[in-house]
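Take a look at the structure below.
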Amino acid sequence: MNPDARGVSMKFSVVLDDNWTDKSSPVLVRMKNVDVTRKIDRYKALRPRKGKSKSASITVKLPEGKYDVSYVSPINSDGSMYKTSKKTTVVVNEKTAAHSVAGDSQKEQPSESSADGKKEEKE
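Residue numbers (the UniProt record's numbering): 1 to 123.
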């Protein structure tokens with residue numbers, strides 16, 4: 001059976017500045033299960049929509065459990081990157097199914113993971 005066929009749907013999203021466009025690389029979201037009896041380590045790409053878009057989201061089905069969630073910065077067409085927050089541990093179960101795990105430059109909540117949207121210039 002496909003592991004994505006069962007599980008809990010979780011929404012992952014990011015909000016960045018206007019420099020993130022369809023010419024930028026995607027933001028990568030890494031979801032790694034911290035339970036030693038399960039070996040789940042997935043990456044999903046969040047891509048901006050055509051033109052200038054500051055947000056993107058995806059929904060992923062994950063088996064219940066604890067996951068370390070981290071974001072990998074995109075690279076913009078001008079070579080700039082973003083400073084992302086450290087990994088966050090998220091519990092995935094039916095109770096958390098309605099919640100999203102967000103990368104948001106405007107707010108950060110304790111139960112969410114975020115990419116803070118601060119640009120770092122490439123040297």
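In this text, a Cβ means the ideal position worked out from N, Cα and C, and glycines have one as well. A quick note: this is a predicted structure, and the numbers were derived from the prediction, not measured.
Check whether chain C comes within 8 Å of Phe12, counting only Cβ atoms and requiring the distance to be less than that.
Judged by its chain identifiers, the structure shown contains no chain C, having just a single protein chain.
Whose C-beta lies closer than 6 Å to the C-beta of Ser73 among residues of the same chain, with five residues either side of it excluded?
On the sequence shown, position 73 is the one that residue 73 refers to. Within its own chain, the residues whose Cβ lies closer than 6 Å to the Cβ of Ser73, once the five positions on either side in sequence are excluded, are Met81, Tyr82, Thr84, listed in chain order.
What are the partner residues of Leu28, as DSSP defines its beta bridges?
Here residue 28 is taken as the residue at index 28 of the sequence shown, counted from 1. Leu28 pairs with Ala45, Val72.
heavy atom of the ligand ZN below 7 Å from Val60 C-beta:
In the structure shown, the ligand ZN is absent, as is every other ligand, since no ligand is present at all.
Can the beta-carbon of Gly79 be found closer than 8 Å to that of Asp35?
Mapped onto the sequence shown, residue 79 falls at position 79. Mapped onto the sequence shown, residue 35 falls at position 35. For the 8 Å CB-CB criterion, Gly79 and Asp35 do not form a contact.
Taking the beta strand (DSSP E) that Lys50 falls in, what are its first and last residues?
Position 50 of the sequence shown, counting from 1, holds the residue named residue 50. For Lys50, there is no enclosing beta strand (DSSP E), as DSSP marks it with neither H nor E.
Quick check: the segment 17-29 against the segment 43-62, are there 3 or more CB pairs under 8 Å?
yes
Ser13 to Leu46, Cα distance in whole Å?
For this step, residue 13 is matched to residue 13 along the sequence shown. For this step, residue 46 is matched to residue 46 along the sequence shown. Each residue's Cα considered, the two are about 8 Å apart.
Between Asn19, Val92, Val8, which has its C-alpha nearest Pro48's C-alpha?
Along the sequence shown, one-based indexing puts residue 48 at 48. Closest by alpha carbon: Asn19.
Nearest to Val91 by CA position, among Asp22, Asp68, Val15, is which residue?
Counted from its first residue, the sequence shown places residue 91 at position 91. The residue with the shortest Cα to Cα distance from Val91 is Asp68.
Which of helix, strand or coil does DSSP assign to Lys11?
The residue given as residue 11 occupies position 11 in the sequence shown. Looking at Lys11 - three-state DSSP - the assignment turns out to be strand.
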